[in-house]
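Here is the structure we will look at, set down as structure tokens.
Number of protein chains: 6
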Amino acid sequence: MADLVTFGEIMLRLSPEYGYRLFQNDTLKTCFGGSEANVAVFCAQTGITSKYVTKLPDDPLGSAAKAELNKYGVDTSDILTGGERLGTYYYEKGAGHRPAVCVYDRKHSSFSQSKTEEYDWENIFKGAKAFHFSGITPVLSAELADVCFDACKTAKKLGLTVFFDLNHRTKLCGREEMKKIAQRFLPYIDVFISSVYQANDVFELGVNTEEAEKACISLSKEMMKKYGLKTVSLTVRKTFSADKNGFYGMICDGGNAYFSKKYETDIIDRVGSGDAYDGAMIRSYLLGHDPKTSVELAAAAAALKHSVQGDFSRVTAEELEAFAAGGDGRVQR
Amino acid sequence: MADLVTFGEIMLRLSPEYGYRLFQNDTLKTCFGGSEANVAVFCAQTGITSKYVTKLPDDPLGSAAKAELNKYGVDTSDILTGGERLGTYYYEKGAGHRPAVCVYDRKHSSFSQSKTEEYDWENIFKGAKAFHFSGITPVLSAELADVCFDACKTAKKLGLTVFFDLNHRTKLCGREEMKKIAQRFLPYIDVFISSVYQANDVFELGVNTEEAEKACISLSKEMMKKYGLKTVSLTVRKTFSADKNGFYGMICDGGNAYFSKKYETDIIDRVGSGDAYDGAMIRSYLLGHDPKTSVELAAAAAALKHSVQGDFSRVTAEELEAFAAGGDGRVQR
Amino acid sequence: MADLVTFGEIMLRLSPEYGYRLFQNDTLKTCFGGSEANVAVFCAQTGITSKYVTKLPDDPLGSAAKAELNKYGVDTSDILTGGERLGTYYYEKGAGHRPAVCVYDRKHSSFSQSKTEEYDWENIFKGAKAFHFSGITPVLSAELADVCFDACKTAKKLGLTVFFDLNHRTKLCGREEMKKIAQRFLPYIDVFISSVYQANDVFELGVNTEEAEKACISLSKEMMKKYGLKTVSLTVRKTFSADKNGFYGMICDGGNAYFSKKYETDIIDRVGSGDAYDGAMIRSYLLGHDPKTSVELAAAAAALKHSVQGDFSRVTAEELEAFAAGGDGRVQR
Amino acid sequence: MADLVTFGEIMLRLSPEYGYRLFQNDTLKTCFGGSEANVAVFCAQTGITSKYVTKLPDDPLGSAAKAELNKYGVDTSDILTGGERLGTYYYEKGAGHRPAVCVYDRKHSSFSQSKTEEYDWENIFKGAKAFHFSGITPVLSAELADVCFDACKTAKKLGLTVFFDLNHRTKLCGREEMKKIAQRFLPYIDVFISSVYQANDVFELGVNTEEAEKACISLSKEMMKKYGLKTVSLTVRKTFSADKNGFYGMICDGGNAYFSKKYETDIIDRVGSGDAYDGAMIRSYLLGHDPKTSVELAAAAAALKHSVQGDFSRVTAEELEAFAAGGDGRVQR
Amino acid sequence: MADLVTFGEIMLRLSPEYGYRLFQNDTLKTCFGGSEANVAVFCAQTGITSKYVTKLPDDPLGSAAKAELNKYGVDTSDILTGGERLGTYYYEKGAGHRPAVCVYDRKHSSFSQSKTEEYDWENIFKGAKAFHFSGITPVLSAELADVCFDACKTAKKLGLTVFFDLNHRTKLCGREEMKKIAQRFLPYIDVFISSVYQANDVFELGVNTEEAEKACISLSKEMMKKYGLKTVSLTVRKTFSADKNGFYGMICDGGNAYFSKKYETDIIDRVGSGDAYDGAMIRSYLLGHDPKTSVELAAAAAALKHSVQGDFSRVTAEELEAFAAGGDGRVQR
Amino acid sequence: MADLVTFGEIMLRLSPEYGYRLFQNDTLKTCFGGSEANVAVFCAQTGITSKYVTKLPDDPLGSAAKAELNKYGVDTSDILTGGERLGTYYYEKGAGHRPAVCVYDRKHSSFSQSKTEEYDWENIFKGAKAFHFSGITPVLSAELADVCFDACKTAKKLGLTVFFDLNHRTKLCGREEMKKIAQRFLPYIDVFISSVYQANDVFELGVNTEEAEKACISLSKEMMKKYGLKTVSLTVRKTFSADKNGFYGMICDGGNAYFSKKYETDIIDRVGSGDAYDGAMIRSYLLGHDPKTSVELAAAAAALKHSVQGDFSRVTAEELEAFAAGGDGRVQR
């Protein structure tokens, strides 16, 4: 039994070394990842029992994805097996002025073709307290949108808290479709998480985002009013270069907005930093942290993730807390 | 203008280091390859102008496949661009008693979904003398079988010599389907190449293959009689272990059968060794070699290919000829 | 609840690339392993629920060892945490005429300093059917010998079948001490496994081992008579070079001796091959195989392990069975 | 037939990994490059047909250099073969306060010993519109200076536009010799490109370069007046550290000077950034861009090159234009 | 005969690649290092004859440590052999906001268990002019404190100048113990070197270190007054992130304090930068530099060390002097 | 003072990974080596004080070559510095049927251009007992032949024993020139070493080498008779493939011929195996071994060298003696 259940697609990621273009030489480094898997790993690594639900092919790629989740302590006992292939993507890290390149090869994946009747949510959720999925999952297929809907309904019925990250991927679906799909789930969402820019864009809220802090507040209020959300958490990322980002978060809980410290982060690997943010939010919820502590830990988790290779955040609870409390990159010896 | 045109699918191959299982660690080595591409590269590297025809996606994988062909001197000017994805496969080399593992992820590829009307064979074949394709190409889709059929007809019309390697891949189609598909092309084939075991199996000839040399002869005669073939070339591979193979070839041209030396080869990478055999056969044909020379060079090319990483044979004409003439692995310094 | 429990020390292994001497360049490849851990991984990978018991330090080395066991599906819930350090060893693979070099740096390890009262065997063994440990464990400290003794007594009380591999490591203790220690456990052992040469040497049986098959039989009978053992399984390894070994096994069960095929194996990594033998023996026992099948699968498992990097056998049940049934290193594609 | 012809020396470059000193460990990464080859590759990768002329030894180094040019789409059909060796250089990247180390081992190269009569410029230039070489080429030998002179004369006769980059390498020749050599070519140059500092230094113009922008303008006018040049393009590089440079360019065409944006660039590999500038200048000329567009694209090309390993700019026309239009290193997914 | 003798522990360091957590993948990079060994290497590489004294195990690790010292020109003829093991440590570099992780596995090392009577200081010091050790050495064991004391006494007797770097490692001993141990040596120390923060902390001087420059001066005076020291050199390090440090030094010699330039350094590897500072101080002393030159070269040496992988500073005298004189990371070619 | 002095050229060797062709990917592994340097390293590693004399350029390549010799304990104090470049060579290991490729780029090296007057043999030889050089050295330039001649004369004057290995490299000079050069030195040679085939070929002795053992004897006697040699040692290498050689040696001392065991060796790296033979011969001479022991150790040294990457034999005296005494590649643990 796990406190947290997350649901989505885990993919094989293939990347050239930093500074190299894709296929410039003959070596690719592999890792596995996907938003909801990253959230599950983050939580499992920081002391939360976490279960990840997906569908994997019955081949060495599927087995390896599962083994990697096991390695980081995630409960994989409800993962389905079968279907055609594992989604993959080629990810060339950006450097300096050169942006990252992401080539998706995820169509026809086992997960994207999985069916409503394959998921027994009552059983999956047994004993769980929180459910997390992101906007990537329901856009993968019409059927998966239905699966997410089933999951949401069951989660609410069983009293789980539902966390949803908008995670709009323009390569997967357009803005309008994303809005339509997301609106279907909003009534079931307890904690809505998004980049402030994406939320504004997808829900066509027309907030002026030049002053990002103000925008966070007005956008949260707008989302709460319009969609009856109780808790909204927004993130602000500034891209200084492919090697340096600014990052902070806000949580608006009831009437009050709490902002985290503003981080300026050197980037080893920014993939999964938003997921670390989600994971830390959920962890704080399960540990009963107050909103200010939650957003500080979440932003710290995101900032720290930028320093680790791969999609997964391999950071312990101690490291997270030491950093949030003001660590500074000094060697301890 | 190229003397040789080959037609088929080139794929991205992803392999762990020798001795490692797939995803045992986080590094994969990449190369590009596919039977007909390998034939084109072999010929281009040994002095034959060679053109390769396929369809590649308009993304970094497609560009890299094309660049790799350019690197080895293959004419890529008639390669089509578009479609969904590049076929990929994961290839874990065998070692000792552990057999190689090949996981295809090639469905829905740009090539497999390409259409008859995209290929202008009259133009493609302008100035060419030989055409090569293998049994892999027409089994990828019903449409591709038609494309091959068009190509064969045009090749014959324009006076090209047609080389066909049976190359039966049991993961792509069953024996009976392979037979049906291959029979459609046999009337257009000038030189039929196959493993003796596969030919026997696919065409249900019922030859006793325990004594492989005898089998080569009777099977060739059977194929000639039954299908009106003029030239049949068969290969015999013995798998001693994942690291050591026996290999030799035979060409039956008119009434006479000529056998090559019998090689016992240590294996660095056996993928593409059959294609090197085909390439050397075609090269000998274009250079006007006699059957005995042809089969000796072809078997030498295949044996030598086992010693090179990747699908492509990176062997020069000088190296091939020195080896066929009796080289022994001594350092020249 | 796991069917199998194994108990011993898992270490960090550090190895230069094949062909390089230790510290010849600045790269070491790491893996984790130890006889009983290898047995647990083998069984978990081939479908047997397996629990591994040890003590690991509370540092990144201990965490990584545990994560690696999790990755391969081993139950790590009863692993103790604490103590000073993880045992490590430097292992330079042999090549050609150059033998492997093994530099132990395992003294003062958390496991070797663990105490009797830390292990609650009644709980650990709940629901288990088999227990495995090797002669390495009780020689690490006098206290550990007592722990093993407790484990054996509890195992017998709870009806588990006890498997013991002699595994005499001359760098850890002398022959006479090994004999003394092993004799203490023999009354509790159901299945005694050893190299024929080591058993002869340690128990001073004076069997002529020049004709290895005969020696297996007479030595088994001697062991049975002298120590009241019911099942003895012996292995015969011939070292042709650092790159090639001969290997086969025998099981003597009641009055009859069954020999496996004799394998000649190219070596990628021979560490853990004896443990794969043990694992397959246990697996066969749990699956109810007859002695002949058991020894054939065990020898096949050992032969196959030689082809995989690292201490762990990363071989599936399907691969093991296909190989034992006569696979030959051919590519399947 | 190619629109652009470039002429110079391509060398093998051997580099330790970033952060390592030369020969600190036993691995060197290789690439091929040289100013004019880099220009040809830049142009070929961004849609300009480009031919590169040089002389390469008939050995695996020469073949590899040619193959690499083929890979990136450069026409290598007029490359000469023969001579003693390929020029090589060892390049240790700088890091932080540690400057890069460049050890030339290029003497006695096939190219540096090539002769006037080996180059048939009438034929080489057939159909071409632009010719590019840099100050490196004529300083390699007195004979090569004559070859360049022949090339210039033929280029002018056939109506090609001649681009010349001063590229003064102090390890190859002194300032005075450079001036003397360069002056011989100036009457044939249509577009003169140089670092503002080098031009000032070599031609002893005595311009105060503390205010770099002003210096660009006065130096251009001085060069135009003194040497009758029509177009001068100057670059300004600021070295903040081995990992960060500032860069911008100016083009002075007729009476007007146009400056590009000023870039501050993190450095993956700064070798070839000036060549990317040249390549983009030529590309813009061939595409008919106005001076402002030309200098913006050229500076963007140079800034972007800093982010790619190796001498070659592996950047597409789309990437260049997106960046010049204001891209920011964000991931597209 | 060497001008400098240093004494301490050299360890094997094992590190994952930059950006990876320990054991995230299966590769560790090795180097050898330790404060006093680093000082000896720095001096040997910049023209000072240097001898290093320690005790190493008689195994491949000990041999490799010695060979590495030989490689960099250090006299190893007085190194003792024997004992149980080489001290090792696992060092995960920090990145961005993630601090470095240092896991010591150095207990029970040959050096830490070496005895007073094994060291013949009269002989070791023959012909030497300077002796260096750091606070790490005497805290490794009570016996080693005695050995250091013997060494100090002999050094003074023979007229050597004694350099001592406080180098307080909190993982090895507490502040109070460090003070007690250090005080025993102060009467023998000619040049006392320390981080300003550590000195203040260990000797409980209660200086306000917010204004670091002022603190350097008052702390030096305090140390001189309290402990009769003649020369004190203090360093100030600011940790901006795991990738960027500020660094400068001060030397207080007699009544005057001299400060170096203030460096802001990108970090490839900061381990050993303090040791490079010490080495350059000693080198300047042996070359007769004045205090201002000494502190400038020492700070430059420390800044430059940050740019080199591994504990050792692989920088030549020419490189050091060029940098101290104002080099800027420009390529020389 | 060293017992052994060797004299020759050390080069940088650049090799792709095993199984790859040169420049197939972008990684080369480096090592340093050369016949006489390899002999010096062999001897230093097995307990003989050894000095190596050569001339190295004053650049990072020269420094690295020297550092590598220091690392392995060779006395480098008489190495000259200066000149143009370090000789380099590209070495692609053979595999299976594919022979090794050796591309020399050693012309114009500092050593090959060094002058008679630069070498002060009286001083160099002070205290030495043996001198070794091979036929490679005097063929590098006419001047170097004179240097060798000077060295031989001085060696004889000072009573050193002179070892000469014919080492005919056909890429450096023809057979007739080799004969002429070698004959000049024979009067000064105490121990003449050669491949039986090369000696027969170069000195045109016309011995039938089909039966290699007989040939060794008659060829030795012929050489002794014709050239007044006292001790001749010949080696016999059989090339089974690029991965497997046969090897044995013979020493003919006075009237008697002693043969070593016949080894069949798997090949990791065969470069330097002949040099290990020479080194072991010299070592045995200095240790006073009898001829039979000498040839056994020499052949064992050569066989063992095949198992180690790089030119240098990194084998200890203990390992050599254990192997010669019958070791078998078994792990010791």
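If you read the sequences in order, they're chains A, B, C, D, E and F.
Residue 213 in the numbering used here sits at position 213 of the first sequence, and the numbers go up by one each step.
Every position in the second sequence, counted from 1, becomes a number in the numbering used here once 1000 is added.
Every position in the third sequence, counted from 1, becomes a number in the numbering used here once 2000 is added.
Every position in the fourth sequence, counted from 1, becomes a number in the numbering used here once 3000 is added.
Every position in the fifth sequence, counted from 1, becomes a number in the numbering used here once 4000 is added.
Every position in the sixth sequence, counted from 1, becomes a number in the numbering used here once 5000 is added.
Note that beta-carbon positions come from the ideal geometry of N, C-alpha and C, so glycine has one too.
So A/E264 is in the beta strand (DSSP E); what residue range does that whole segment cover? Mapped onto the first sequence, residue 264 of chain A falls at position 264. A/E264 -> beta strand (DSSP E) spans Y263 to D266.
Among the candidates C/L2158, C/G2255, C/R2237 and C/Y2263, whose CA atom is the shortest distance from the CA of C/K2126? Here residue 2126 of chain C refers to the residue found at position 126 when the third sequence is read from its first residue. For C/K2126, the nearest C-alpha among the options comes from C/L2158.
Tell me, please, whether the CB atom of F/E5092 is closer than 9 Å to any CB atom in chain D? Stepping through the sixth sequence from its first residue, residue 5092 of chain F is reached at position 92. So yes, F/E5092 belongs to the interface.
For chain C, is any of its Cβ atoms less than 9 Å away from the one on A/A67? Within the first sequence, residue 67 of chain A is the residue found at index 67, counting from 1. Output row for A/A67: interface = yes.
Are the stretch 4269–4280 of chain E and the stretch 4303–4317 of chain E touching, with three or more C-beta to C-beta distances below 8 Å? Cβ pair count under 8 Å is three or more, so yes.
Top-ranked residue by Cα proximity to B/N1025, from C/E2264, C/T2239, C/T2030 and C/A2325: Here the question's residue 1025 of chain B lines up with position 25 in the second sequence. The alpha carbon of B/N1025 has as its nearest neighbour, out of C/E2264, C/T2239, C/T2030 and C/A2325, the alpha carbon of C/T2030.
Closest to B/L1022 by CA distance: which of A/E68, A/V41 and A/F149 is it? To locate residue 1022 of chain B, count along the second sequence from 1; it is residue 22. Nearest neighbour of B/L1022 by Cα position, chosen from A/E68, A/V41 and A/F149, turns out to be A/E68.
Indicate whether A/K230 and A/V191 have their beta-carbon atoms separated by less than 9 Å. Counting from one through the first sequence, the residue named residue 230 of chain A turns up at place 230. Counting from one through the first sequence, the residue named residue 191 of chain A turns up at place 191. Remark: C-beta atoms of A/K230 and A/V191 approach each other more closely than 9 Å.
Three Cβ pairs or more, each shorter than 8 Å: is that satisfied between the stretch 1230–1240 of chain B and the stretch 1073–1091 of chain B? The answer is no - the stretch 1073–1091 of chain B does not touch the stretch 1230–1240 of chain B, with fewer than three Cβ pairs under 8 Å.
At a CB distance below 9 Å, what residues from the stretch 2214–2232 of chain C approach chain A? Give them in sequence order. Result list empty, no residue passes.
For E/T4030, would you say it is in contact with chain B, using Cβ-to-Cβ distances shorter than 9 Å as the test? Translated into positions along the fifth sequence, residue 4030 of chain E becomes position 30. It does not; no Cβ of chain B falls within 9 Å.
Cβ of B/A1242 less than 9 Å from any chain C Cβ? Taking the first residue of the second sequence as position 1, residue 1242 of chain B is located at position 242. Interface with chain C (9 Å Cβ-Cβ cutoff): B/A1242 is included.
Among A/A44, A/D201 and A/C152, the one whose alpha carbon lies nearest that of A/R175: As a first step, residue 175 of chain A is located in the first sequence; it is residue number 175 there, counting from the start. When only C-alpha atoms are compared, the closest one is A/D201.
Measure from the alpha carbon of D/K3156 to the alpha carbon of each residue in D/I3136, D/A3130, D/V3147 and D/K3180, then state which is nearest. By one-based count along the fourth sequence, residue 3156 of chain D stands at place 156. Nearest to D/K3156 by alpha-carbon distance, out of D/I3136, D/A3130, D/V3147 and D/K3180, is D/A3130.
Return the residue from the list E/G4255, E/F4247, E/L4004 and E/S4194 that minimises the CA-CA distance to E/T4046. Locating residue 4046 of chain E in the fifth sequence gives position 46, counting from the first residue. The alpha carbon of E/T4046 has as its nearest neighbour, out of E/G4255, E/F4247, E/L4004 and E/S4194, the alpha carbon of E/L4004.
Start and end residues, alpha helix (DSSP H) containing A/G279: Counting from one through the first sequence, the residue named residue 279 of chain A turns up at place 279. Per DSSP, A/G279 belongs to the alpha helix (DSSP H) from S273 to L287.
So F/A5037 and F/I5010 are in contact, right, with Cβ under 8 Å, and what is the actual spacing, rounded? Within the sixth sequence, numbered from 1, the residue matching residue 5037 of chain F stands at position 37. Within the sixth sequence, numbered from 1, the residue matching residue 5010 of chain F stands at position 10. Between the beta-carbon of F/A5037 and that of F/I5010 there is about 4 Å, and that keeps the pair under the 8 Å contact cut.
Distance check for F/G5087 and F/K5107, CA to CA, integer angstroms please. In the sixth sequence, the residue the question calls residue 5107 of chain F occupies position 107. In the sixth sequence, the residue the question calls residue 5087 of chain F occupies position 87. Their Cα atoms are separated by approximately 7 Å.
Cβ shell of F/C5173 (< 7 Å), same chain only, five flanking positions each side left out: Position 173 of the sixth sequence, counted from the first residue, corresponds to residue 5173 of chain F. The residues are V5139.
Note down the Cα distance separating C/M2178 from C/L2166, rounded to an integer number of angstroms. In the third sequence, counting from the first residue as 1, residue 2178 of chain C sits at position 178. In the third sequence, counting from the first residue as 1, residue 2166 of chain C sits at position 166. Spanning the two alpha carbons is a distance of roughly 9 Å.
On a Cα-Cα basis, can you pick out the residue from F/R5184, F/G5083 and F/S5050 that is closest to F/T5076? Counting from 1 along the sixth sequence, the entry for residue 5076 of chain F is found at position 76. When only C-alpha atoms are compared, the closest one is F/S5050.
Based on DSSP bridge pairs, tell me the residues matched to C/D2105. Within the third sequence, numbered from 1, the residue matching residue 2105 of chain C stands at position 105. When beta bridges are read from the DSSP output, C/D2105 appears opposite C/T2088.
Exposure label - D/K3225; buried when at least 16 CB within 10 Å: Your numbering for residue 3225 of chain D matches position 225 in the fourth sequence. Answer is exposed; the Cβ neighbour count stays below 16.
Start and end residues, beta strand (DSSP E) containing B/F1323: Along the second sequence, one-based indexing puts residue 1323 of chain B at 323. The continuous stretches of beta strand (DSSP E) do not include B/F1323, which lies in the alpha helix (DSSP H) extending over residues A1317 to A1324.
Could you tell me whether any Cβ in chain A is nearer than 9 Å to the Cβ of B/L1056? Mapped onto the second sequence, residue 1056 of chain B falls at position 56. Output row for B/L1056: interface = no.
D/A3040 and D/T3006: beta carbons closer than 9 Å? Within the fourth sequence, the letter at position 40 stands for residue 3040 of chain D. Within the fourth sequence, the letter at position 6 stands for residue 3006 of chain D. One thing to note: D/A3040 has its Cβ within 9 Å of the Cβ of D/T3006.
Do E/C4252 and E/V4236 come within 9 Å of each other at the CB atom, strictly closer than that value? Here the question's residue 4236 of chain E lines up with position 236 in the fifth sequence. Here the question's residue 4252 of chain E lines up with position 252 in the fifth sequence. Cβ distance not < 9 Å, so E/V4236 and E/C4252 don't count as in contact.
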